[in-house]
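Shown next, in structure tokens, is the structure this report addresses.
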Amino acid sequence: MSLERLDRLDVDGALAEACDGLTRAGFIVAAGAALAGLAAARPAVAEAAIPRSDQDVLNYALVLEYLQAAFYTEAERANGLSGRPAKAARVVGAVERAHVKAFRELLGRKAVGRPHFDFQGVTESSKPFLKTAVAFEDLAVAAYKGQARLVRSKAVLASALGIHTVEARHAAWMRYLNGNTPAADAFDLPRNRREINGIVASTEFISDRPRSTSRRRPRYTG
Amino acid sequence: MPHHRVARAPDRDIQPGHTRRSGLRTTAVAAGGALAAVTAMGPADRLVAAPSAEQDVRVLNLLLLVEYVEVAFYEAALANAGLSGELEDFARAVLEHEREHLAYLEGALGAKADPEPRYDLADATSDADAFAESTARLEDAAVGAYNGQAANVTPGAFLAAARIVSVEARHAAWIRSIRNGDPAPDAVDKPYDEARARRELEAIGLAS
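Same order as they appear, the protein sequences are chains L and Y.
Position 134, counted from 1, in the first sequence is what the working numbering calls 1029; the numbers after and before it change by one each time, with no gaps.
Position 26, counted from 1, in the second sequence is what the working numbering calls 198; the numbers after and before it change by one each time, with no gaps.
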């Protein structure tokens, strides 16, 4: 395990893996800590190379990356998108999966498991897909910004910041495709964990059991 | 509009900091207060190595330089590049953001702010295509410069910069969306050190 791993993320490799992943069933594995992963991602034993508090931050970020990766991967598999939204889902999905992979490798056995997700059909057509993508990406930007000041390790900080601005690029891209202003304000504000957890919980996208066939409507308002 | 500085041509000499400071004073004072409040919030030992007030000044002046170039670039483009439609709307919206960033940093630096540099933005803003290409490079440079300095500053300056850098990233993706490019070509944005940041700014039109 190396702290440098995050800096060497290979998008092309991730894309190749993504294409391979499309043929595999069960990307969303039943192994998760569900929403508890967001609130209580606290490994019992600190890894030598990363301060314990940074592991906590990384696991928190990992859950958000699980959420995004699962969302885009499901959108790609559902095959209900076309044109530019389809391309965006493919490209952004590959990057989010690369983030998941990098965090998991960085954390090793301290990595929290993947929660169960139920996106309730929003991955199946462009309009709800884009609306949800905008919400997720803006949320990720605010979450990374909220966590960054807690990071102690310089290497972890550099990686987290480099991902933070990539999430901002994704947010702008999805906003553009959804007809929103890509940069609505001169300053982006951070959100703390309590706020982020509340927003994620309100979507009901993270479930405590493997995905069912139900199609509840999401309650969140992007 | 506090001022209409034109950065049109190399022979147009821009006086350092002439009208901007007075025009934006109210905003700057408010921003300085906000930065001071933010500084008081966090433990001073959070980050790395030895951030210091002196180092903050050096870093914030580099970021100020980025914002100076951005403001001058969008002003020059709106004056000279023949922008219309979506590109013009983009340039006007982003210019307002960059002006707010500039005022924020000027307020944070106060009397320690470096004077405004000189520019030669004629090539970068010669037409819509040159503008779009230069915009992507300039906004990437802004993202890289902010990310590259994050570990070198005290927590207060860090939080202030963090609120700006993601907006620069949004701009970078926005222009690429308009031009149907790839808005997010990398999985992790690379940090630029000071030398690289300056080279990129000079490539756009910062006079060296």
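Just so it is clear, CB atoms sit at the ideal spot from N, CA and C, and this is done for glycine as well.
Among all the DSSP beta bridges, which residues are the ones paired with residue i?
i         : result
Ile1101/L : Phe1012/L
Leu150/Y  : One cannot answer for residue 150/Y here, as it falls past the ends of chain Y, which runs 173 to 380.
Within the continuous alpha helix (DSSP H) that includes residue i, where are the two ends?
i         : result
Glu1019/L : Counting along the chain, Glu1019/L falls outside any alpha helix (DSSP H), and DSSP gives it neither H nor E.
Pro327/Y  : 327-350
Ile1058/L : 1049-1072
Pro980/L  : 978-1002
Asn954/L  : 947-973
Gln266/Y  : Here residue 266/Y is Val; the residue named in the question, Gln, does not match the sequence. Start and end: 257-281.
Asp301/Y  : 300-321
Arg230/Y  : 225-252
With distances taken between CB atoms, is the gap from residue i to residue j smaller than 8 Å?
i         : j         : result
Val315/Y  : Val337/Y  : yes
Ala956/L  : Ala1055/L : yes
Arg368/Y  : Ala308/Y  : no
Gly1041/L : Asn1087/L : yes
Phe262/Y  : Ile376/Y  : no
Leu962/L  : Phe1024/L : no
Val1061/L : Ala300/Y  : no
Val1036/L : Ala1066/L : yes
Leu234/Y  : Ala317/Y  : yes
Ala964/L  : Gly988/L  : yes
Gly1074/L : Ser1020/L : no
Val847/L  : Glu960/L  : Only positions 896 to 1117 of chain L appear in the structure, and residue 847/L is not among them; the question remains open.
Glu268/Y  : Ala970/L  : no
Asp1033/L : Arg335/Y  : no
Pro946/L  : Ser1048/L : yes
Glu288/Y  : Tyr240/Y  : yes
Tyr276/Y  : Ala332/Y  : yes
Ala265/Y  : Phe303/Y  : no
Leu1072/L : Val952/L  : no
Ala313/Y  : Glu372/Y  : yes
Val229/Y  : Leu281/Y  : yes
Gly1057/L : Asn319/Y  : yes
Gln950/L  : Lys1026/L : no
Glu340/Y  : Glu311/Y  : yes
Which residues in chain Y have a C-beta closer than 9 Å to the C-beta of residue i? List them in chain order.
i         : result
His1059/L : Asn319, Ala334, Val337, Ser338, Ala341, Asp361
Leu1084/L : Arg335
Val1036/L : Ser338, Ala341, Arg342
Which residues in chain L have a C-beta closer than 9 Å to the C-beta of residue i? List them in chain order.
i        : result
Phe303/Y : Within chain L, no residue comes near Phe303/Y; the closest Cβ sits about 17 Å away, beyond 9 Å.
Glu268/Y : Ala1081
Glu247/Y : Result: empty, since nearest Cβ-Cβ is about 16 Å, beyond 9 Å.
Along chain L, in chain order, which residues have C-beta atoms closer than 7 Å to that of residue i?
i        : result
Val315/Y : Thr1060
Ala253/Y : The contacting residues do not exist; Ala253/Y stays about 20 Å from chain L at best.
Leu234/Y : Here the premise fails: no neighbours, minimum Cβ distance about 16 Å.
Leu281/Y : What Leu281/Y touches in chain L: nothing, since even the nearest Cβ is about 17 Å away.
Pro287/Y : Residues of chain L passing the Cβ test: none, with the nearest at roughly 23 Å.
Ala345/Y : Arg1064, Ala1067, Trp1068, Pro1077
Report the CB separation of residue i from residue j in whole angstroms; it is logged as a contact under 8 Å.
i         : j         : result
Asp249/Y  : Leu255/Y  : In the sequence on display, residue 249/Y carries Ala and not Asp. Right, their Cβ atoms sit about 6 Å apart.
Val243/Y  : Glu270/Y  : 5 Å
Trp346/Y  : Pro1077/L : 4 Å
Ala379/Y  : Asp286/Y  : Not really, about 14 Å apart at Cβ, beyond 8 Å.
Arg992/L  : Thr968/L  : 7 Å
Val238/Y  : Ala329/Y  : Not confirmed; about 14 Å, so no contact.
His1059/L : Ala1043/L : 7 Å
Met1069/L : Ala1028/L : 4 Å
Counting only Cβ pairs nearer than 7 Å, list the residues of chain Y close to residue i.
i         : result
Tyr961/L  : Residues of chain Y passing the Cβ test: none, with the nearest at roughly 16 Å.
Arg1065/L : Here residue 1065/L is His; the residue named in the question, Arg, does not match the sequence. Within chain Y, the residues near His1065/L are Ala356.
Leu1056/L : Asn319, Ala322
His994/L  : Ala359
Val990/L  : Ala356, Ala359
Residues of chain Y with a CB under 8 Å from the CB of residue i: which are they?
i         : result
Arg985/L  : Simply none; closest approach about 11 Å.
Lys1040/L : Ala334, Arg335, Ser338
For residue i, return the contacting residues in chain L, with the cut-off set at a CB-CB distance below 8 Å.
i        : result
Pro331/Y : Note on identity: in this sequence residue 331/Y is Leu, with Pro being the wrong assignment. Under the 8 Å cutoff, chain L gives Arg1044, Pro1085.
Ser349/Y : Ala1067, Trp1068, Tyr1071, Leu1072, Pro1077
So residue i contacts chain A; which residues on that side make the cut at Cβ distance below 8 Å?
i        : result
Glu272/Y : Going by chain labels, chain A is absent from the structure shown, which instead holds the protein chains L and Y.
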